[in-house]
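Visitor:
This is the structure in structure tokens:
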């Protein structure tokens, strides 16, 4: 290798070494700049957090007009609006909160009063009501296939419960029979009649209300004993209307107290020992 070639090689190596040193210096400068930028960002974030804390601690309370109280007020307004909407929805649908019970991590669907009533008859009151009612129907053959039963409704709890029991038997029974829900208006006041209509509507009972003047006639015929005469006339009126609707059986929501009362009334006022 000649001396000129050696000289050129040495010069090339020196140039490469200088370039490497310059690149290393440039990388150090870039790293320094990046490090300073990160420090500045961190400092800016810390200052902002401290300022927010300071502003929050210097808030003058509920009577001030600062942004924090405005935000709190907005949050309360949203919560209030949400609660009002929920209450309005529950009123419209007729929902009840008793069935908002946790079951295996899930909420039971809310039921309407009608659905709740029907559900409780065959579950909660199964042994006290449902089983006894069905047993009485079967033992005494009170309802048979093809019957058309007129269920008399006075508007009280006894007759309304009996109506729903018959409805459930019709749904879940072994054979089909027809039902007509029949109510007599013997001269109710407008308020009492409204209660009857609303109760039947809430429970999904399609009741047929027949007008009569039993109260007025009973008071005229027997002013001293209107209750005895009224009971006889109401029974006769219901029999007649049940036949008009093609019914072959009439169901009345009477219980043991009614049987005892009727027996005593017959003894003292009719001179006969008769039950209902």
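Residue numbers (full-length UniProt numbering): 1 to 276. Cβ atoms here follow ideal geometry from the backbone N, Cα and C, with glycine treated the same way. All values derive from a computational prediction rather than experimental measurement.
(1) Report, in whole angstroms, the separation of the C-beta atoms of residue 200 and residue 153, which I expect to be a contact under 8 Å.
(2) Skipping 5 residues on each side, what residues in its chain have a beta carbon closer than 7 Å to that of residue 164?
(3) Here's the rule I'm using: 16 or more other beta-carbon atoms within 10 Å means buried, otherwise exposed. How should residue 181 be labelled?
(4) Give, in chain order, every unbroken run of the beta strand (DSSP E) that is at least 3 residues long and sits entirely within the region 122–197.
(5) Taking residue 160 as the reference, give the member of 38, 150, 259 and 205 with the closest Cα.
(6) May I ask which residues mark the beginning and end of the beta strand (DSSP E) holding residue 274?
(7) Thinking C-beta only, is residue 184 closer than 8 Å to residue 237?
(8) Considering only their Cβ atoms, is the gap separating residue 190 from residue 212 smaller than 8 Å?
(9) Does the separation of the CB atoms of residue 145 and residue 166 fall below 8 Å?
(10) Under the DSSP definition of a beta bridge, which residues are partnered with residue 207?
(11) Per the DSSP calculation, residue 110 is bridged to which residue(s)?
(12) So who's on the other strand from residue 251, going by DSSP bridges?
(13) In chain order, what residues of the same chain lie with their CB nearer than 7 Å to the CB of residue 275, ignoring the 5 residues before and after it?
(14) Report the residue ranges of all beta strand (DSSP E) runs contained in full by the region 219–268; include only those spanning at least 3 residues, in chain order.
(15) When the distance is taken between beta carbons, is residue 129 closer than 8 Å to residue 169?
(16) If you compare alpha carbons, which of 245, 255, 156 and 254 is closest to residue 210?
(17) Let me confirm a value: residue 241 is counted as buried when at least 16 other C-beta atoms fall within 10 Å, else exposed. Which label applies?
(18) In the structure shown, what three-state DSSP assignment does residue 31 receive?
(19) So residue 255 packs on residue 147, CB below 8 Å; how close in whole Å?
(20) Please classify residue 120: does DSSP put it in a helix, a strand, or coil?
(21) Taking the straight line between their C-alpha atoms, what separation do you get for residue 268 and residue 227?
(22) So which of 233, 131, 225 and 195 has the shortest CA-CA distance to residue 172?
(23) Quick one: residues in its chain with C-beta nearer than 8 Å to the C-beta of residue 95, no 5 flanking neighbours on either side, listed in chain order?
Guide: Inspection of the coordinates gives the following:
(1) 7 Å
(2) Within the same chain, 117, 118, 121 and 203 come within 7 Å of residue 164 by CB-CB distance, once the 5 residues on both sides are set aside.
(3) buried
(4) 148–152 and 178–185
(5) 205
(6) It is not in any beta strand (DSSP E) - residue 274 carries neither H nor E in the DSSP assignment.
(7) yes
(8) no
(9) Taking 8 Å as the Cβ cut-off, residue 145 and residue 166 do not qualify as a contacting pair.
(10) 181
(11) In the DSSP output, where bridge partners are listed per residue, residue 110 has none listed.
(12) 151
(13) Closer than 7 Å at the Cβ level, and outside the excluded window around residue 275, lie 259, 262 and 263.
(14) 249–251
(15) One thing to note: residue 169 has its Cβ no nearer than 8 Å to the Cβ of residue 129.
(16) 245
(17) buried
(18) helix
(19) No, residue 255 and residue 147 are not in contact; Cβ-Cβ is about 22 Å, not under 8 Å.
(20) helix
(21) The straight-line gap from Cα to Cα measures roughly 13 Å.
(22) If we check each option's Cα against that of residue 172, 131 comes out closest.
(23) Only weak support exists for where residue 95 lies, its pLDDT of 43 falling under 50; the coordinates are left without a value.
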